[in-house]
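One line per chain: the protein sequences are A and B, in this order.
Residues 308 to 465 (our numbering) make up the first sequence, in order.
Residues 27 to 227 (our numbering) make up the second sequence, in order.
See structure below.
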Amino acid sequence: MNIQKILFLVVILAIIPAGPAVAHKVIIFAWVEDGMIHTESSFGSKRKAQNCAITVVDEQGQVVHTGQTDLDGNHSFAIPENTDSDLILTLDAGIGHQAQWKIPKKELITLPSVKDIQTAMKKKESLEQGPSVYKIIGGIGIIFLLALGVKFLKRKPS
Amino acid sequence: MHISEGVLSGPVLAAGAVIAVAGTSLGLKKIEYDRIVHVAILASAFFVASLIHVNIGPASVHLILNGIVGLLLGVAAFPAILTALLLQSVFFQYGGLTALGVNVVVMAVPAVLSHYLFLPLLGKSSTLNFTAGFLAGLFSILFSSLLLGAALWFTNHNFFETSFAIIMAHIPVMIIEGIITGFCVTFFLKVYPEIIPLRKK
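Below, the structure written as structure tokens:
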């Protein structure tokens, strides 16, 4: 039993410092500035997606750029020449984890307005947002409501 | 362990969906009326477990708990895991909606197998209870890693290389889930034995 108590403590101590890091919500965010496309990739808002492959395709699915994120999860590259369509950036974060970001053609040829920047930042913030308590409680509530439904369907006729 | 949107090919997604639907139908059929609350409790635990992250060196992994869910629920683990994964996908963006079927198969099949492999070991001695729980937790993650590797292999990756990388990344989870499952089983046998189906027989 003493060994079990020690093991239990080890597990608790391993979990406590973990904090709010989110390892499996993969995010890629991209924007255009001075003829360059800049990207930021991460798992949630805390952990950077390091050394992950980035593939850029046009609307026809033709690969126009490939690259890799650095240790800060960033990758920048010049807008591919003769680009005449939206660009889709795909981040491959390994073992089944992937994320995409679309850059509209308009953003590649015109300077973004303040409103465009605000919209993009809001989208980035919403992507990076961790799970809220409401969602957790709501999810558990839905599970029990569904269980109630199954219980109702399986009730024995009196 | 959650496969994202756009990673897998159409046939793999379709096969996963068919197996998941079949497993869920069978699970719903087999759930005993008195055990529906247990299914909901364990589905909730599975739903929340992915939020518990463990930092190991530079890596961060999250709990899955498919071992304890499968060990205690058997085939009923399918609807429990399907519901929890669907909610994780919608609420937390963990895993793609189109990959839901494959994700269910990856996590529920090892869970159900652990029920048939390790449940018979329970109720004999406290050491064996903990060992059975530990093995169920460890085995479920190990087998899930292999199924994940297989799903990716069918799409375009190298099976052995991918599976090896997945197993290596999940070794800490296997050990931690083994310990957690072992403790949960011994705890339930003491304070809430009704949740262990073996005790009813």
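Ideal Cβ placement from N, Cα and C applies to all residues, glycine included.
Does the beta-carbon of A:Gly342 have 16 or more other beta-carbons within 10 angstroms, so that it is buried, or is it exposed?
In the first sequence, counting from the first residue as 1, residue 342 of chain A sits at position 35. So A:Gly342 ends up on the exposed side.
With three or more C-beta pairs closer than 8 Å as the rule, is the region 347-356 of chain A touching the region 372-392 of chain A?
Judged by Cβ distances under 8 Å, the region 372-392 of chain A makes contact with the region 347-356 of chain A, as three or more pairs qualify.
I want to verify the contact list: residues of chain A whose CB lies under 9 Å from the CB of B:Gly96, in sequence order.
By 1-based counting over the second sequence, the position of residue 96 of chain B is 70. Result: empty, since nearest Cβ-Cβ is about 17 Å, beyond 9 Å.
On the CB-based measure, 16 or more other CB atoms within 10 Å of its CB, does B:Thr207 come out buried or exposed?
By 1-based counting over the second sequence, the position of residue 207 of chain B is 181. Buried, since its Cβ has 16 or more Cβ neighbours within 10 Å.
Given that B:Gly32 touches chain A, what residues does it touch there, using C-beta distances under 8 Å?
One-based indexing of the second sequence puts residue 32 of chain B at position 6. Those are Thr397, Gln405, Gln407, listed as they occur along chain A.
Could you tell me how far apart the beta carbons of A:Lys463 and B:Tyr59 are, in whole angstroms, since I believe they sit closer than 8 Å?
Residue mapping note: residue 463 of chain A aligns to position 156 of the first sequence, counting from 1. Residue mapping note: residue 59 of chain B aligns to position 33 of the second sequence, counting from 1. Yes, A:Lys463 and B:Tyr59 are in contact; Cβ-Cβ is about 7 Å, under 8 Å.
Am I right that A:Ile335 and A:Leu394 are in contact with their C-beta atoms under 8 Å? What's the rounded C-beta distance?
Locating residue 335 of chain A in the first sequence gives position 28, counting from the first residue. Locating residue 394 of chain A in the first sequence gives position 87, counting from the first residue. Not a contact, Cβ separation roughly 12 Å.
Residues in the same chain with beta-carbon distance under 8 Å from A:Gln407, minus the five sequence neighbours each way, listed in chain order, please.
For this step, residue 407 of chain A is matched to residue 100 along the first sequence. Taken in chain order, the residues that qualify are Ile335, Ile395, Leu396, Thr397, Leu398.
For B:Val131, I'd like the list of residues in its chain whose CB is within less than 6 Å of its CB, leaving aside the five on either flank, ordered along the chain.
One-based indexing of the second sequence puts residue 131 of chain B at position 105. The answer, listed in chain order, is Gly42, Ile45, Ala46.
When the distance is taken between beta carbons, is A:Gln375 closer than 8 Å to A:Ile361?
Numbered from its first residue, the first sequence carries residue 361 of chain A at position 54. Numbered from its first residue, the first sequence carries residue 375 of chain A at position 68. Yes, these two residues count as a Cβ contact at 8 Å.
When you compare each of A:Ile410, A:Asp365, A:Ile449 to A:Asn389 by their alpha carbons, which one comes out closest?
As a working mapping, residue 389 of chain A is identified with position 82 in the first sequence. It is A:Asp365 whose Cα lies nearest to the Cα of A:Asn389.
Within this structure, are the beta carbons of B:Val38 and B:Val128 separated by less than 8 Å?
The residue you call residue 38 of chain B lines up with position 12 of the second sequence. The residue you call residue 128 of chain B lines up with position 102 of the second sequence. Cβ atoms of B:Val38 and B:Val128: closer than 8 Å.
Could you name each continuous beta strand (DSSP E) segment of 3 residues or more that falls completely within the region 393-452 of chain A, going from the start of the chain to the end?
394-399, 405-410, all fully within the region 393-452 of chain A.
Between which residues of its own chain and B:Ser140 is the CB-CB distance below 6 Å, once the five residues before and five after are set aside?
As a first step, residue 140 of chain B is located in the second sequence; it is residue number 114 there, counting from the start. Excluding positions up to five away in sequence, the list reads Gly93, Gly96, Leu97, Ala162, Phe165, Ser166.
Applying a beta-carbon distance threshold of less than 7 Å, which residues of chain A neighbour B:Phe74?
Here residue 74 of chain B is taken as the residue at index 48 of the second sequence, counted from 1. The identity of residue 74 of chain B in the sequence shown is Val, whereas the question assumes Phe. In chain order: Ile443.
Less than 8 Å between the beta carbons of B:Phe180 and A:Gly446, yes or no?
Numbered from its first residue, the second sequence carries residue 180 of chain B at position 154. Numbered from its first residue, the first sequence carries residue 446 of chain A at position 139. Contact: no.
So, B:Leu215 versus B:Ile222, is the Cβ gap smaller than 8 Å?
Here residue 215 of chain B refers to the residue found at position 189 when the second sequence is read from its first residue. Here residue 222 of chain B refers to the residue found at position 196 when the second sequence is read from its first residue. In contact: B:Leu215 and B:Ile222 (Cβ atoms closer than 8 Å).
Between B:Cys210 and chain A, is the shortest Cβ-Cβ distance under 8 Å, so that the two count as touching?
Taking the first residue of the second sequence as position 1, residue 210 of chain B is located at position 184. For B:Cys210, the answer is no, since every Cβ of chain A falls outside 8 Å of its Cβ.
In angstroms, rounded to a whole number, what distance separates the CA positions of B:Ser151 and B:Gly36?
Start at 1 with the first residue of the second sequence, and residue 151 of chain B comes out as number 125. Start at 1 with the first residue of the second sequence, and residue 36 of chain B comes out as number 10. Between B:Ser151 and B:Gly36, the C-alpha separation is close to 47 Å.
In chain A, which residues lie with their C-beta within 9 Å of the C-beta of B:Phe190?
By one-based count along the second sequence, residue 190 of chain B stands at place 164. In chain order: nothing, as chain A lies at least about 11 Å away.
For a test of the three-state rule: what should DSSP assign to A:Lys332, helix, strand or coil?
Your numbering for residue 332 of chain A matches position 25 in the first sequence. Three-state DSSP puts A:Lys332 in coil, outside helix and strand.
What is the DSSP secondary structure of A:Lys463, reduced to helix, strand or coil?
Residue 463 of chain A sits at position 156 when you count from the first residue of the first sequence. Three-state result, A:Lys463: coil.
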